[in-house]
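Enquirer: Just dropping this structure here.
Numbering (our numbering), first residue to last: -13 to 302.
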């Protein structure tokens, strides 16, 4: 609930989903009356709490939007903070998910909605499944989601306890869950920088690389955000782009970034141990040794690039 309130009052969220312009039918005192806007109400339920199959209807979307009329930004053109304007609020009675919210509640209408959603069983399952997808696998076991959702409900949405339940579960430590998650482009880039102990003076070049890899920073237009399912990031084109990034990084062709590999490090096994937290498969090792033969120019950089581009490095 604390997270929901923080985002509901966030000027960035209010602006992005247009709620700062949402007003009730009897609103007065404003120069621009744009009427009711349902964007935030819909995404609040679909993406932040219940999930698309969480049991809400279009009527609920409208009623939630009514509850959040008047939640706006003070002086939005100059970076003002959150402000509730009572004169812009819809003061009528509302019904959200079967719960009646009496007329005249003012800002408490929105707070009541957040409480209803935070305690809803669909929210417990949706958040638990989202966390399990992020940390365990793209298709987490239903039994794990059930236990996490039960913990969510029992602790009134304490995410620390939900994560503790997940981390202590046998499914989290199961062999078939080990390194099944694939890195997003951002994770791949950051892990490559860490593995090579790169010196970063400017980040512009890295931002350009992320755009090429398909995950430009802060530029996802849809409110869903970037996918937490690693399988959606990998295809033949993206693998080639990742290899090209690895080659650019280790050969110092990424602007503002420098990697210093000792010339003496020409043994694939040495770089493998330095760059990976696991072993290369025999097939990957053979491909690297073939691609970076003894006579290959800049052999350490090439071995490092091929290792960073290997299937093993794409997993986390």
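For glycine and all other residues, C-beta sits at the position ideal for the given N, C-alpha and C.
(1) With DSSP run on the structure shown, which of helix, strand or coil describes residue 120?
(2) On the CB-based measure, 16 or more other CB atoms within 10 Å of its CB, does residue 106 come out buried or exposed?
(3) Check for me: the beta strand (DSSP E) holding residue 158 runs from which residue to which?
(4) Which word fits residue 29, buried or exposed, when buried means at least 16 other C-beta atoms lie within 10 angstroms of its C-beta?
(5) With DSSP as the reference, label residue 69 as helix, strand or coil.
(6) Threshold first: 4 residues or longer. Then list the alpha helix (DSSP H) segments lying entirely within the region 181 to 258, N to C.
(7) Measuring straight from C-alpha to C-alpha, what distance separates residue 261 and residue 166?
(8) Please go through the same chain and pick out, in chain order, the residues whose beta-carbon is closer than 8 Å to the beta-carbon of residue 66, but skip the five residues on each side of it.
(9) Would the region 204 to 217 and the region 163 to 178 be scored as touching if the rule is three or more Cβ pairs under 8 Å?
(10) Between which two residues does the alpha helix (DSSP H) holding residue 148 run?
(11) How would you write the range of the beta strand (DSSP E) that residue 82 sits in, first residue to last?
(12) Using a Cβ-Cβ cutoff of less than 7 Å, which residues in the same chain neighbour residue 155 once the five nearest sequence positions on both sides are dropped?
(13) Tell me whether residue 185 is buried or exposed, calling it buried when 16 or more other Cβ atoms sit within 10 Å of its Cβ.
(14) Rounded to whole angstroms, what's the CA-CA distance from residue 115 to residue 126? Just pull it up for me.
(15) For residue 44, does the count of other Cβ atoms within 10 angstroms reach 16, so buried, or fall short, so exposed?
(16) Measuring straight from C-alpha to C-alpha, what distance separates residue 122 and residue 143?
(17) Could you say which of 228, 21, 164 lies nearest to residue 290 if we only look at CA atoms?
(18) Go ahead and label residue 80 buried or exposed: buried means 16 or more other beta carbons lie within 10 angstroms of its beta carbon, across all protein chains shown.
(19) When the Cα atoms are used, what is the spatial distance from residue 153 to residue 259?
(20) Between 199, 234, 243, 99, which has its C-alpha nearest residue 222's C-alpha?
(21) Can you list, in chain order, the residues of its chain with a C-beta nearer than 7 Å to that of residue -13? Leave out the 5 residues immediately preceding and following it.
(22) According to the Cβ coordinates, are residue 109 and residue 36 closer than 8 Å?
(23) On the three-state DSSP scale, how would you describe residue 43?
(24) Starting from residue 137, trace the alpha helix (DSSP H) in both directions and tell me its first and last residue.
(25) Could you tell me the distance, in whole angstroms, from the CA atom of residue 174 to the CA atom of residue 299?
(26) Just list the residues that DSSP pairs residue 301 with in beta bridges.
(27) Which residues bound the beta strand (DSSP E) around residue 58?
(28) Would DSSP call residue 115 helix, strand or coil?
(29) Among 117, 188, 238, 267, which has the Cα closest to the Cα of residue 158?
(30) Residues bridged to residue 87 by DSSP?
(31) So is residue 95 in contact with chain B if we call contact Cβ pairs under 8 Å?
(32) Have a look at 161, 136, 160 and flag the residue whose alpha-carbon is nearest the alpha-carbon of residue 149.
Expert: Straight from the coordinates:
(1) The residue given as residue 120 occupies position 134 in the chain shown. Of the three classes helix, strand and coil, the one that applies to residue 120 here is helix, per DSSP.
(2) Position 120 of the chain shown, counted from the start, is the residue given in the question as residue 106. Under this definition residue 106 is a buried residue.
(3) The sequence position of residue 158 within the chain shown is 172, counting from 1. Looking at the DSSP string, residue 158 is not in any beta strand (DSSP E); the run it does join, the alpha helix (DSSP H), is 156 to 159.
(4) The residue labelled residue 29 in the question sits at position 43 within the chain shown. The residue is buried, with at least 16 neighbouring Cβ atoms inside 10 Å.
(5) What you label residue 69 is simply residue 83 of the chain shown in a count that begins at 1. Residue 69: strand per DSSP, three-state reduction.
(6) 190 to 199, 222 to 236
(7) Here residue 261 corresponds to residue number 275 of the chain shown, with the count starting at 1. Here residue 166 corresponds to residue number 180 of the chain shown, with the count starting at 1. The alpha-carbon atoms of residue 261 and residue 166 are separated by roughly 19 Å.
(8) Position 80 of the chain shown, counted from the start, is the residue given in the question as residue 66. Result list for residue 66: -3, 59, 60, in chain order.
(9) yes
(10) In the chain shown, counting from the first residue as 1, residue 148 sits at position 162. Residues 145 to 153.
(11) The sequence position of residue 82 within the chain shown is 96, counting from 1. From DSSP, the beta strand (DSSP E) with residue 82 extends over 80 to 82.
(12) As a working note, residue 155 is residue 169 in the chain shown. Hits under 7 Å: 130, 133.
(13) Reading the chain shown from its first residue, position 199 is the one you call residue 185. Exposed.
(14) Translated into the one-based positions of the chain shown, residue 115 becomes position 129. Translated into the one-based positions of the chain shown, residue 126 becomes position 140. Going by the C-alpha atoms only, they are around 7 Å apart.
(15) Mapped onto the chain shown, residue 44 falls at position 58. Answer is exposed; the Cβ neighbour count stays below 16.
(16) Against the chain shown, residue 122 aligns to sequence position 136. Against the chain shown, residue 143 aligns to sequence position 157. So the two alpha carbons sit approximately 20 Å from each other.
(17) Translated into positions along the chain shown, residue 290 becomes position 304. Residue 228 is the option with its Cα nearest to residue 290.
(18) For this step, residue 80 is matched to residue 94 along the chain shown. Buried: at least 16 other Cβ atoms inside 10 Å.
(19) Residue numbering aside, residue 153 sits at position 167 when the chain shown is read from its first letter. Residue numbering aside, residue 259 sits at position 273 when the chain shown is read from its first letter. Their backbone Cα atoms lie some 27 Å apart in a straight line.
(20) For the purposes of this step, residue 222 is identified with residue 236 of the chain shown, where counting begins at 1. Residue 222 has its Cα closest to that of 199, out of 199, 234, 243, 99.
(21) Residue -13 sits at position 1 when you count from the first residue of the chain shown. The residues are 100, 101, 104, 143.
(22) As a position in the chain shown, residue 109 is number 123, starting the count at 1. As a position in the chain shown, residue 36 is number 50, starting the count at 1. Cβ atoms of residue 109 and residue 36: closer than 8 Å.
(23) Along the chain shown, read from residue 1 onward, the residue named residue 43 stands at position 57. In the structure shown, residue 43 sits in coil (DSSP, three-state: anything other than H, G, I, E or B).
(24) On the chain shown, residue 137 is found 151 positions in, with the first residue counted as 1. It spans 128 to 140 - the alpha helix (DSSP H) in which residue 137 sits, taken as one unbroken run.
(25) Residue mapping note: residue 174 aligns to position 188 of the chain shown, counting from 1. Residue mapping note: residue 299 aligns to position 313 of the chain shown, counting from 1. If I take the Cα positions, the gap works out to 8 Å.
(26) Locating residue 301 in the chain shown gives position 315, where the first residue counts as 1. Answer is 168, bridged to residue 301.
(27) Counted from its first residue, the chain shown places residue 58 at position 72. Element bounds for residue 58: 57 to 59.
(28) Here residue 115 is taken as the residue at index 129 of the chain shown, counted from 1. Residue state, collapsed to three classes: helix.
(29) Walking along the chain shown from the start, residue 158 turns up at place 172. Of 117, 188, 238, 267, the residue nearest in Cα terms is 117.
(30) Looking up residue 87 in the chain shown gives position 101. The partner list for residue 87 (beta bridge, DSSP) reads 80.
(31) The structure shown has no chain B; it contains just one protein chain.
(32) Working through the chain shown from its first residue, we reach residue 149 at position 163. Nearest C-alpha to residue 149: 136.
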